[in-house]
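These notes concern the structure reproduced below.
Protein chains in written order, with this note's numbering: chain X, 1043 to 1471; chain C, 5 to 193.
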C-alpha cells in the first residue's frame, strides 16, 4: 500500500495541472478506501473434535457375533445370567465375562453393537439398542452369539444435534481429532442426545422365562413378557412373548420430561426424572397408565426395592445438584402413600443392591459397604471394603459384582462381616 | 522486516526534508482511533528516537485497546518527504504486542467458568501522514496507517465424548491477527 502511495506521490510531483492532481488525490483516496475491504481480523482456532467412522448397516449386522474380547474402557450397564456377566461397553457393544469362578473372571468375548447404551436379557435373548434400532441376540452359547432380529427405527431420539449422520451408514466409532479452524469455519461434531444415568434395577417374570438381573443405568425394563423403554418423554412397549422376535407395540407419554431411567416393581414401573419418579401401573401390559408420583427419589438417586421397602441413596456431586449424602428407607407397602421410615448418613453413596438381609452400597471413592438391613429401622454396618472407586453393584447369591472406576470386582460376602475381593477385570482408562 | 525493507527502498531517491548534519533526538506522543472489522477503539503511543536528514529512527510503546487491551513495543522508522511545501512522512513499525494475564468468564454451562490465558504476538504498522508547521517548526502530525497486532488466547473447555458419554476436557487455542486502520494525531517535540 505504501509502495503505491510513494509511486503516486512521485507522479504527483511531476504533474502540473490542478485537475490531474485532484484526480490523483481521488484515486489515492479510493485505493485507501478499497483496501479497507482487506483489513479484517483473522482468527485461527486449534481445538479437538470428534469425527465419526462409518460402516454400512449390512457390515454392522454381519459383525454382531462373539468376537475377540477387548479391554474394558467405558463400562455401562451390566446383566448377569447363568454364570456370565454381559457388560455394556458404551456405544460399542457388549463384553461377555465368565464369572463362574469368581476368583478368576474371564473376559471371553465381545459383541460389536455400535451405539449400544442399554441392555436387557430375557431367557436366552439379549436386547440392546443399536442407535435407533433394537437388536435381539441369542446368547444361548455366549461364545457364539447370534443376531436374531433387528427392529429398526424404534429409538428415533438417538440423533446427533448439529450433525446429521448418513441414514445408510452406522457410526461405529468416534475418533478424537485435533483440528484447525479459520475465521468463520464452524465445527459440526456429533453429540449424543440420550444420556445414561445410574439406577439400580432388578426384574422378574411370571411367564416361566427368566429375565436377567440388571444393575444400573436402566432405560430398558423387563416385566413378564414385555419390555419397556424410555427416552426423555416417551415410553415404548415391546412384546417379547417370543423373546427372539420382539415386536414393537406402542409408544406413549412417559408422564413428564427428562425421563432417564426405568425400573419395574411388581405390577408397576418407576420412571425416573429430575424431580422424582412417575409410577405407572402395568397390570394391563400393553397399556401402562400413570397412577402417581414418588418424590423420594429422582433420576440421580439409585433405588432398589425388596417388595416392602425402597432403599434410596442420595449424594452430592450428581447432576441433580444434591448436597446431602444419605440412605433413605421408604415404606412402599402402599404405593399411593409412601412413607419415609429412616435416614442414614453416608459418605457419597451411589448404586446399591440387596441380597436377603444384606444391603450393599457403593460409596464412590470410599469403596463398598455391607449392612445388615434385617431391621430397616436399625441398619448396621457389617464391613467396609476400601481401595476402589465404586459406582454400582449387583448381588448374586453370595458374590457381589462391583463396577468401579478401575475394574469390575467380584466380592465374596459369604461371611458378610468379612467380604473378600476374589477377582477383578481391569478397566483401561 | 517488510516494513523496514520498504523504508529502505524509500531512502534513496526521496528528497531530504532537512539539511541537518548531526543526529538529534525526537519525541512524538500520539493518540489515535483504530478501526477494524471487530470494533472501533483507541490507542495511545509514545515514540522517540534520533533523526538526521529526514530519516527518523527510534522505538515506541503503546497502549492499544482494540479488542484486547495490549501493550505493543516496537522499533520505528520514519522518512520525511517534502511535497510542494507540504511536509509528509512515511513510517513503519515492527515489534511485539505484549499481552498476558488470565480472565475468568462465566460459561454457558450453568455455574461454570472458563479461565482464559493470554499471550502476545507480532505487532506491525505501515503508514504515513503529514506534519503541520507551528511556530516555524514541524509539530502537529496527522497520520493514517495499517496496523496489525496478534494475541493468543488459550482456555480449556468440555466437549461431549460420544464414546463413553461423558464430558472430555480439551485445550483450545485461538490466535487472533487483528488488522486495523489507525488515524492518529501527534505532536513532535
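The C-beta atom is built at its ideal place from N, Cα and C for all residues, glycine as well.
All of these numbers come straight from a predicted model, not from anything done at the bench.
**Request:** With a floor of 3 residues, list each beta strand (DSSP E) that falls wholly inside the stretch 1064-1149 of chain X, ordered by position along the chain.
**Result:** 1084-1098, 1117-1123, 1126-1131 and 1135-1140
**Request:** Answer with buried or exposed for residue 1009 of chain X, where buried requires no fewer than 16 other C-beta atoms within 10 angstroms of its C-beta.
**Result:** With chain X running from 1043 to 1471 in the structure shown, residue 1009 of chain X is simply not present.
**Item:** For residue 1321 of chain X: DSSP bridge partner residues
**Value:** X/1312 and X/1334
**Message:** Quick check on this structure: which residue in C/53, C/122 and C/135 has the alpha carbon closest to the alpha carbon of residue 190 of chain C?
**Reply:** C/135
**Asked** Are the CB atoms of residue 1217 of chain X and residue 1092 of chain X nearer to each other than 8 Å?
**Response** yes
**Prompt:** Where does residue 29 of chain C land, buried or exposed, given buried means 16+ other C-beta within 10 angstroms?
**Reply:** exposed
**Request:** Check the Cβ of residue 40 of chain C against every Cβ in chain X and list those closer than 8 Å, keeping chain order.
**Result:** 1081, 1082 and 1083
**Prompt:** Does the separation of the CB atoms of residue 984 of chain X and residue 1380 of chain X fall below 8 Å?
**Reply:** What the structure shows of chain X is the stretch from 1043 to 1471, and residue 984 of chain X is not part of that stretch, so it cannot be assessed.
**Request:** Could you tell me whether the Cβ of residue 1105 of chain X comes closer than 8 Å to any Cβ of chain C?
**Result:** no
**Request:** Could you name the residues of chain C that residue 1357 of chain X contacts, counting a contact when the two beta carbons are closer than 7 Å?
**Result:** Correct list: empty, because the minimum Cβ distance to chain C is about 17 Å.
**Prompt:** Can the beta-carbon of residue 37 of chain C be found closer than 8 Å to that of residue 46 of chain C?
**Reply:** yes
**Item:** CB contact below 8 Å: residue 98 of chain C versus chain X
**Value:** no
**Message:** Please state the DSSP three-state secondary structure of residue 86 of chain C.
**Reply:** strand
**Asked** residue 1184 of chain X by DSSP, collapsed to three states: which one?
**Response** helix
**Message:** Is it the case that the stretch 1460-1471 of chain X contacts the stretch 139-150 of chain C, given that we only count it when at least three CB pairs across the two stretches are under 8 Å?
**Reply:** no
**Request:** Work out the CA separation of residue 95 of chain C and residue 26 of chain C for me, nearest whole Å.
**Result:** 21 Å
**Request:** With residue 33 of chain C as the anchor, note down where its beta strand (DSSP E) starts and where it stops.
**Result:** 28-40
**Prompt:** Counting pairs of Cβ atoms below 8 Å between the stretch 1139-1147 of chain X and the stretch 1431-1450 of chain X, do you hit three or more?
**Reply:** yes
**Asked** Along chain X, in chain order, which residues have C-beta atoms closer than 7 Å to that of residue 178 of chain C?
**Response** 1085 and 1087
**Message:** I want to see whether chain X comes within less than 8 Å of residue 150 of chain C, judged by CB atoms only; does it?
**Reply:** yes
**Message:** Please confirm whether residue 1244 of chain X has its beta-carbon closer than 8 Å to some beta-carbon of chain C.
**Reply:** Its pLDDT being 24, under 50, residue 1244 of chain X is placed unreliably by the model, and the measurement read from it follows with that caveat. Not closer than 8 Å to any Cβ of chain C, the Cβ of residue 1244 of chain X fails to qualify, so no.
**Message:** Counting beta carbon pairs with one atom in the stretch 1155-1162 of chain X and one in the stretch 1122-1135 of chain X, are three or more of them shorter than 8 Å?
**Reply:** yes
**Request:** Return yes when the Cβ of residue 91 of chain C is within less than 8 Å of the Cβ of residue 125 of chain C, no when it is not.
**Result:** no
**Item:** Test: residue 1090 of chain X CB closer than 8 Å to a CB of chain C
**Value:** yes
**Prompt:** Comparing the C-beta of residue 183 of chain C with each C-beta of chain X, is any distance below 8 Å?
**Reply:** yes
**Item:** C-alpha gap between residue 52 of chain C and residue 1223 of chain X, whole angstroms
**Value:** 40 Å
**Cβ-based burial, residue 1474 of chain X [other Cβ within 10 Å; buried from 16]** = Since the first and last residues shown for chain X are 1043 and 1471, residue 1474 of chain X lies out of range.
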